[in-house]
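Residue numbers (the numbering used here): 161 to 394.
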């Protein structure tokens, strides 16, 4: 998003969250497996990763758009969260003005929020580590920008080039962050489970002495395409 949003000054209190058991199922997979499933998954672009707190999270999104560097709606946002939520903040990627620190992180942790993703900067890294709330962002900066707005809560936002809507499921770990649209959650879980089973078969084959190229089918693809390339054109 830019410094303006079509729904600025909007606060949506009630959002639809997916079933808790579906969120728990998705949390059992690595982001790499979810990204590889081939389903309707948004993969957050590079440059946004873990800054402080815990190492991973998974939960339905409470979204915040804020004018880059402004904290007014970030201060309001904890009131709209529930246990198990992940907060996704669209701060426009601004690097020189933090929009979240340890006081807000502490408020979120007390409400049971399990993670935060900020497309922008955060601060008070040591304090967030003490709180333990998994906090992913583009970087850190000691100063904030303003607290005058505008902003919006529980509207569509953009984080790392991916659209995040309220109630979409956000999963983060050491490899990065993925976003699963709420309405496609069951489909993505089934497709990711197939990826997990495929990887388990590869690992077992390699443990049994099969080369990784043979186990993954790379040898077969190379042979097939090599033969096709060697066939003279008519």
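Ideal Cβ placement from N, Cα and C applies to all residues, glycine included.
Please read all numbers here as calculations on a predicted model, not as lab measurements.
By the criterion of at least three beta-carbon pairs nearer than 8 Å, the segment 268 to 281 is in contact with the segment 245 to 256.
Cβ contact annotation for residue 298 (same chain, cutoff 8 Å, sequence separation greater than five): 207, 208, 253, 255, 278, 279, 280 and 281, in chain order. For residue 318, the three-state secondary structure derived from DSSP is strand. Residue 271: not part of any beta strand (DSSP E); DSSP gives it neither H nor E. For residue 248, the enclosing beta strand (DSSP E) stretches over residues 246 to 250. Looking at the backbone, the Cα of residue 323 and that of residue 225 are separated by about 12 Å. Between the beta-carbon of residue 187 and that of residue 331 there is about 7 Å, and that keeps the pair under the 8 Å contact cut. The beta carbon of residue 376 is closer than 8 Å to those of 362 in its chain, skipping five residues each way along the sequence. Every unbroken stretch of the beta strand (DSSP E) spanning 3 or more residues and falling wholly within the segment 335 to 374 is given here in chain order: 336 to 340. In this structure residue 201 does not touch residue 321 by the C-beta definition: roughly 13 Å separates them, more than the 8 Å allowed.
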